[in-house]
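Take 14 as the starting number for the sequence shown in my numbering and just add one per residue.
Every residue, glycine too, gets a C-beta built ideally from N, C-alpha and C.
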Amino acid sequence: MIIKNICCIGAGYVGGPTMSVLAEKCPNIIINVVDLNQERVNSWNSNDLNNLPVYEPGLAEIVKNCRNKNLFFSNLIQEKIKEADMVFISVNTPTKKKGLGAGKASDLKWVEACARQVAQYSSGHTIVVEKSTLPVRTAEVIKSILKESKKQNIGEMPLKTFDVLSNPEFLSEGSAIKDLLIPDRVLIGGENNDAINSLCEIYKNWVPEEKILTTNIWSSELAKLTSNAFLAQRISSINSISALCEATGANVKEVARAIGSDSRIGSKFLNTGPGFGGSCFKKDILNLVYLSEFFGLPEVAAFWESVVNLNNWHQNRISKLITKKLFGTLSNKKIVILGFAFKANTNDTRESAAIQICKNLLEEDAYLVIHDSKVAYKQIEVDLEKKVLNSHLTNNDDSKISKGGNWNYTQDLSGIFNDADAVVILTEWDIYKSINWEVVSKFMRSPAWIFDTRSILSPIDIKKSNLNFWQIGDGLL
Ligand code: NAD
Ligand code: UGA
C-alpha cells in the first residue's frame, strides 16, 4: 500500500516535529496534524515562527518550508482521519493520577479516545501507528476497539479494515530535529508485513535501510519503555556516584571519563546533574514498574523503582545542601536560579529537577529570582503552584519588595545578581558558561555561593573571584 495521506493525532512535542520532518522528506505525502487544543493549533499556524508551541533548533525552518504545502495543522479531526491512509497516534500518555494503578500505570484515556475516533471516522483500509509510548500490549486494546467498528460495516458502506503498528519515537528534546533526520534506529513492530513495509517505505526516503528494525509488536512496545529505563538508570547511577565522590574526595567527571572509556560501558549519558527530568523517564519507568507488578515480578519492579527513588532523593539532596551551606536558613536570602527547563535547548519544564529544588528552597523561605530565556513565567507559576511576585522587574530592581518564600522572573541577566546570596545553575544553557564571575561577585552579598549542579563552570575561573563554589560531584572543593 503506497501511503499518500497521513493524519497525526496530537500536535505536541512529538507529533509536531516528527510530522514536520516527515513532510520535508516526503513531499508527495499530504500530512495533517490534528489536535483538540485550538490554542496549540493556532500557534503551529502562527506567522511568527518564534511563537511555535515547541522550541527545537531547526524546527521553525522546516515548518516554514512545508506548512500549507504538504503539512497542515488543524482541529479537523474527523475530516482528516477520514482522508488518511495512515493515522499516527501521538497523544499524551501521562501517569494515572487516580484509580487502579494510580501513580504508576499510564493513563490511556487519550489513546483510547483516538482509537474510537479512528474506528468511527476512518474509511477504507487504515494503518494505525502507535507513536505514543505505551504499555506492552496496548495494541491489543486499540485492535479490539477497531474490531468493533468493523462489525458495523453494513450495507452499501465501503468496508473498513485496519492494521496496527508500533513505531515508538526515540527523539530527545533539544535535539529532536537532528534525532529525526539521523536516527540511531527506527523501530517498527507489527504482525502484517504489508503494513510494516508501507511504513518502512516512508522512512526509507531518508533513513538507511539497515537502521530500520522490524520486530513483533510487543517487543517494539517493550523496547521503548526499556530504552528510557536504561538511559534513566545510567543517570541515577552516575548521580549516586556524584554523592560518593563529594564524600570521598573523588571527582565524578574523572570517574565518568575512566568508566566511559570502557567500550562496553561507553561515554554517553554519564553527565551528573540535578536529577533527570522530562516528561517521559519517570512516567515510563513507573509504567515498567506497574507492568512488572502486574505480571507478578515484584523483584523486577523494585529494581526499576529504585532508579526513580534515587532521582527523587538526589533532587532533595541538592536543596538540603544549599540550605546547609547558607548557614541552615534561607530566610531573607536572595537566590538566583539559572535555568528552569529540564535540560538546555528546550522550553519544556515537565518533571524538571528545577521544580522540586525551587519548591524546597521556597519552603525554606528563600527569595528566588528565576532566569530562563525560553520558559515563560506563566509556566513556572503552574509548576511552582505559586504566583510570580512581579513579572516586569524594571532593571531587575527588586529592592523594594517583601520577599520571603516568593519568586520573581526575568529574562535579562544584567542586574540579576545584585545583593544575591547564592546562584544555583540548574539548566546547562550556553549563556551561563560565559558569565564573568569575577565581575558578578562584586554585586553579590558576601559570603556568596555558586552551586553548579550541571558542572558547566571551570573551578579555575571561579577561583579568580571571592565566591564560594560547590560543583556537583567534586569532592575536593
Ligand atoms: P504532548 O502533551 O506535548 O502532546 C500531546 C497532544 O495530544 C496535546 O497537544 C493534546 O491536546 C493532544 N491530544 C490528546 N488527545 C487528543 C485527541 N483525542 N485528539 C486530538 N488531540 C489530542 O505530548 P508529547 O510530549 O508530544 O508526547 C506524546 C507521546 O510521545 C507520549 O506518549 C510520550 O511518552 C511520547 N514521547 C515523547 C517524547 C518527548 O520528547 N516529549 C519523546 C518520545 C516519545
Ligand atoms: C529522553 C530520551 O533520551 C529519548 O530517547 C526519548 O525518546 C525521550 O526521553 C522520551 O521518550 O520522551 P529527553 O527526555 O527529551 O529524551 O531528554 P534526555 O536528553 O534524555 O534528558 C533527560 C534528562 O536527563 C534531562 O533532565 C537531562 O538533563 C538529564 N541527563 C541526561 C543527565 O542528567 N545526564 C546525562 O548524561 C543525560
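8 Å CB neighbourhood of residue i in its chain, flanking five on each side removed
| i | result |
| --- | --- |
| residue 430 | 349, 436, 453, 456, 457 |
| residue 264 | 258, 486, 487, 488, 489 |
| residue 272 | 278, 283 |
| residue 56 | 64, 65, 66 |
| residue 444 | 386, 426 |
| residue 253 | 323, 327 |
| residue 199 | 180, 216, 220, 224, 225, 226 |
| residue 329 | 369, 373 |
| residue 230 | 152, 177, 178, 179, 202, 203, 204 |
| residue 148 | 118, 119, 121, 234, 238, 300, 303, 304 |
Cut-off 6 Å between Cβ atoms - residues of its own chain near residue i, not counting five sequence neighbours on either side
| i | result |
| --- | --- |
| residue 159 | 132, 175 |
| residue 108 | 296, 299 |
| residue 248 | 289 |
| residue 377 | 336, 343 |
| residue 71 | 190 |
| residue 1 | The question about residue 1 has no answer here: the residues shown for the chain are numbered 14 through 490. |
DSSP state of residue i mapped onto helix, strand, coil
| i | result |
| --- | --- |
| residue 26 | coil |
| residue 247 | helix |
| residue 80 | strand |
| residue 178 | strand |
| residue 220 | coil |
| residue 14 | coil |
| residue 46 | strand |
| residue 192 | helix |
| residue 108 | strand |
| residue 69 | coil |
| residue 142 | strand |
| residue 85 | strand |
| residue 20 | strand |
Contacts around residue i, its chain only, beta-carbon distance under 7 Å, and the 5 residues preceding and following it disregarded
| i | result |
| --- | --- |
| residue 88 | 47, 48, 49, 51, 54 |
| residue 34 | 75, 190, 193, 194 |
| residue 6 | Outside the shown range of the chain (14 to 490) lies residue 6, about which nothing can therefore be said. |
| residue 145 | 102, 103, 104, 106, 124 |
| residue 185 | 192 |
Limits of the unbroken alpha helix (DSSP H) element including residue i
| i | result |
| --- | --- |
| residue 392 | 390-397 |
| residue 55 | 51-57 |
| residue 125 | 122-134 |
| residue 96 | 90-96 |
Beta-bridge partners of residue i, as assigned by DSSP
| i | result |
| --- | --- |
| residue 496 | With the chain represented from 14 up to 490, any question about residue 496 goes unanswered, as that position is not in the structure. |
| residue 484 | 465 |
| residue 225 | 199 |
| residue 119 | 108 |
Residue i: CB within 8 Å of a non-hydrogen atom of the ligand ZN
| i | result |
| --- | --- |
| residue 155 | The model depicted lacks the ligand ZN and carries the ligand NAD and the ligand UGA instead. |
N- and C-terminal bounds of the beta strand (DSSP E) containing residue i
| i | result |
| --- | --- |
| residue 199 | 199-202 |
| residue 100 | 99-102 |
Below-9 Å beta-carbon distance, residue i vs any chain B residue
| i | result |
| --- | --- |
| residue 344 | Within the model displayed, chain B is absent; a lone protein chain is all it includes. |
| Whole alpha helix (DSSP H) runs in the segment 323-382 with 4 or more residues, listed along the chain? | Scanning the segment 323-382 for uninterrupted alpha helix (DSSP H) segments of 4 residues or longer gives 366-376, listed from N- to C-terminal end.
| field | alpha helix (DSSP H) segments (min. 4 residues) lying fully within the segment 241-311 | value | Taken in chain order, the whole alpha helix (DSSP H) runs of length 4 or more contained in the segment 241-311 are 265-273, 294-307.
| message | Quick check for students: name the residue ranges of the beta strand (DSSP E) that lie wholly in the segment 420-476, counting only runs of 3 or more. | response | Fully enclosed beta strand (DSSP E) runs of 3 or longer: 420-423, 435-438, 462-465.
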